[in-house]
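Engineer: Have a look at this one.
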Amino acid sequence: MSRILSGIRPSGQLHLGNYLGAIKQWIALQDQHQAFFMVADLHAITTPYEVESLQPQIRETILDYLAAGLDPAKTTLFIQSQVPAHAELMWLLSTITPIGELQRMVQYKEKSAANPDFQNAGILNYPILMAADILAYKADRVPVGDDQGQHVELARDVAKKFNRLFGQTFPEPLAVFGGGKRIMSLANPMEKMSKTGGEGIALTDEESTIKKKIQKAVSTSEPRVIREAFRAAEQGERGPEIQWQGDPTLLKQFHGVRNLFTILLVLGLPKDTAQWKAAAEAGKIQFSQFKPTLATIIAEHFAPFRARREQLAKDETFVRGVIDEGGLKANQVAEQTLAEVQAKMGLR
Ligand code: TRP
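Counting the sequence shown from 1 gives a position; the working numbering is that position plus 477.
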């Protein structure tokens, strides 16, 4: 049985991109694997944040995990900072991690460029902490969105190097992307959907809010864009990716509607999608009609999620219990790994 670990930074309510890119996979994996899912609060503080918002956001993320279907009876749900062994293991692993490897991480380059006034060693060392998160549980599978693939590879390199230098200790972890969909921003479909900017569709959004957000999404009236974007969405991310070969000024429209079609294909029932597929093949979709329909499909898909979340939000005792118990289990496993690593490195 493989061991799984993953996490999400608590930077706001979970949105459609997090759900389809990661959490949906986690839920599918929790039945057959021994899984650990955490709220990555130590990673969250590497970019500017509001101190007062952090605790509420951690709690929101846990509520989202539970309402989405992560089951504390099957998996360990915990908060990263409540397991001190992660930070300590990170220090030990930092002594065998080449700086050059960290400096060439795409996310490091992007984040340090985006926050020129907040250059800190934490953004550089971010992947070492991720390696510690993964290796503390000797996880061999890491289900993540494709933007985290490079970080998991670094964790793999660190594991290999540790094994070589100090003796076989860690399995070599692999990222699993398993059908996760990359959902793009509605307003700027060349970028990933994010929590900032207000247009990310939160899983808690009501139909009226979703309608307003989708209304602003980039769309098109070009038949060729409609036809090819639908085909690209059907093909998904995993096959050979279909690129837009037409007029380059329509590229953004292509990505915009491909994104909307991807959401339709993942969340819509066959009876909903068949009709739109026929219209797309004919190159005839009126986005003034399609957008509200898509908003309704999303709202209906997450109606049970919203109901469960509302219940959970009232049950403070239950949520506390999940976090405390998860923390206890996570600490047991991580402390044992830390002790083994300390011994192998000659520290005890
Ligand atoms: N860096 C990940 C993200 O931004 C979150 C994360 C932290 C993570 N530690 C992890 C993911 C360990 C997988 C494994 O989404």
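Every residue gets a Cβ at the ideal spot worked out from N, C-alpha and C, and that includes glycine.
Look up T553 in the DSSP assignment and say whether it is helix, strand or coil.
Structural biologist: Looking at T553 - three-state DSSP - the assignment turns out to be strand.
Engineer: Does DSSP put I719 in a helix, a strand or coil?
Structural biologist: Looking at I719 - three-state DSSP - the assignment turns out to be coil, as it is neither helix nor strand.
Engineer: Counting only the same chain and skipping the five closest in sequence on each side, list residues whose C-beta sits under 7 angstroms from that of K693.
Structural biologist: Around K693: L663, A664 and E676.
Engineer: Which of the three DSSP states is assigned to S483 in this structure?
Structural biologist: In this structure, S483 counts as strand in the three-state DSSP scheme.
Engineer: Does the Cβ-Cβ distance between V702 and P666 come in under 8 angstroms?
Structural biologist: It is not a contact, given that the beta carbons lie outside the stated cut-off.
Engineer: Output needed for G498: all residues of its chain with C-beta closer than 7 angstroms, excluding positions within five of it in sequence on either side, in chain order.
Structural biologist: So the qualifying residues of the chain are G622, G657, K658, R659 and I660.
Engineer: For V799, which residues from the same chain have a beta carbon less than 8 angstroms from its beta carbon, with the 5 sequence-adjacent residues on both sides left out?
Structural biologist: So the list reads I539, L543, P549 and L554, once near-sequence residues are dropped.
Engineer: With three or more C-beta pairs closer than 8 angstroms as the rule, is the region 598–613 touching the region 573–585?
Structural biologist: Counting Cβ pairs under 8 angstroms, three or more are found: they touch.
Engineer: Tell me where the beta strand (DSSP E) around L663 begins and ends.
Structural biologist: Element bounds for L663: n/a, residue is neither H nor E.
Engineer: Is L566 closer than 8 angstroms to F514 when the C-beta atoms are compared?
Structural biologist: Their beta carbons are not under 8 angstroms apart, which means F514 does not touch L566 by this criterion.
Engineer: Among residues of its own chain, excluding the 5 on either side of R825, which ones have a beta-carbon nearer than 6 angstroms to its beta-carbon?
Structural biologist: The answer, listed in chain order, is Q819.
Engineer: In whole angstroms, give me the CA-to-CA distance for I444 and I687.
Structural biologist: Because the chain here runs from 478 to 825, residue 444 falls outside it and cannot be looked at.
Engineer: Measuring alpha carbon to alpha carbon, tell me which residue in V583, E777, I504 and T552 is nearest T681.
Structural biologist: Nearest C-alpha to T681: E777.
Engineer: Using DSSP with H/G/I as helix, E/B as strand and the rest coil, what is P650?
Structural biologist: Correct three-state label for P650: coil.
Engineer: Indicate the three-state DSSP secondary structure (helix, strand or coil) for V818 in the structure shown.
Structural biologist: Three-state result, V818: helix.
Engineer: Roughly how many angstroms lie between the CA atoms of Q645 and T814, to the nearest whole one?
Structural biologist: About 13 angstroms.
Engineer: Which two residues bound the contiguous beta strand (DSSP E) that contains R581?
Structural biologist: Run containing R581: none; DSSP gives neither H nor E here.
Engineer: Under 7 angstroms Cβ to Cβ from V734, same chain only, skipping five residues before and after it: list those, please.
Structural biologist: The answer, listed in chain order, is S696, T697, V702, I703 and A706.
Engineer: Which ranges does the beta strand (DSSP E) cover as unbroken runs of at least 3 residues, wholly within the region 497–557, from first to last along the chain?
Structural biologist: Within the region 497–557, the complete beta strand (DSSP E) runs of at least 3 residues are 511–516 and 553–556.
Engineer: Quickly, what does DSSP pair K638 with across the bridge? List them, please.
Structural biologist: K638 is not bridged to any residue.
Engineer: CB R480 to CB D617, shorter than 8 angstroms?
Structural biologist: Yes.
Engineer: Identify, in the order they occur along the chain, each residue of the same chain with its Cβ nearer than 8 angstroms to the Cβ of I719, setting aside the five sequence neighbours on each side.
Structural biologist: Closer than 8 angstroms at the Cβ level, and outside the excluded window around I719, lie E705, R708, A709 and Q712.
Engineer: For H628, is the beta carbon positioned less than 7 angstroms from some heavy atom of ligand 1?
Structural biologist: Result yes, Cβ under 7 angstroms from ligand 1.
Engineer: For the candidate residues K637, D634, Q627 and A772, whose alpha-carbon lies nearest to that of V653?
Structural biologist: That would be Q627, whose Cα lies nearest to the Cα of V653.
Engineer: Using 10 angstroms around the beta-carbon of Q502, count the other beta-carbons present and answer buried if the total reaches 16, otherwise exposed.
Structural biologist: It counts as buried.
Engineer: Just to confirm before moving on: does the CB-CB distance between A811 and H510 stay below 8 angstroms?
Structural biologist: Cβ distance not < 8 angstroms, so A811 and H510 don't count as in contact.
Engineer: Going by beta-carbon coordinates alone, are G484 and A521 separated by less than 8 angstroms?
Structural biologist: Contact flag unset, no.
Engineer: To the nearest angstrom, how far is it from the Cα of M670 to the Cα of L493?
Structural biologist: The alpha-carbon atoms of M670 and L493 are separated by roughly 8 angstroms.
Engineer: Buried or exposed for E758, going by 16 or more other Cβ atoms inside 10 Å?
Structural biologist: Classification of E758: exposed, given that the 10 Å Cβ count is below 16.
Engineer: On the DSSP letters alone, give me the boundaries of the beta strand (DSSP E) that P620 sits inside.
Structural biologist: Start and end: R618 to P620.
Engineer: How is A694 classed by DSSP in three states: helix, strand or coil?
Structural biologist: The answer is coil: DSSP assigns A694 none of H, G, I, E or B.
Engineer: Are the beta-carbon atoms belonging to S488 and Q534 less than 8 angstroms from one another?
Structural biologist: Yes, they are a contact pair.
Engineer: Does the beta carbon of A517 fall short of 7 angstroms from some heavy atom of ligand 1?
Structural biologist: Yes; taking the cut-off as 7 angstroms, the Cβ of A517 has a heavy atom of ligand 1 nearer than that.
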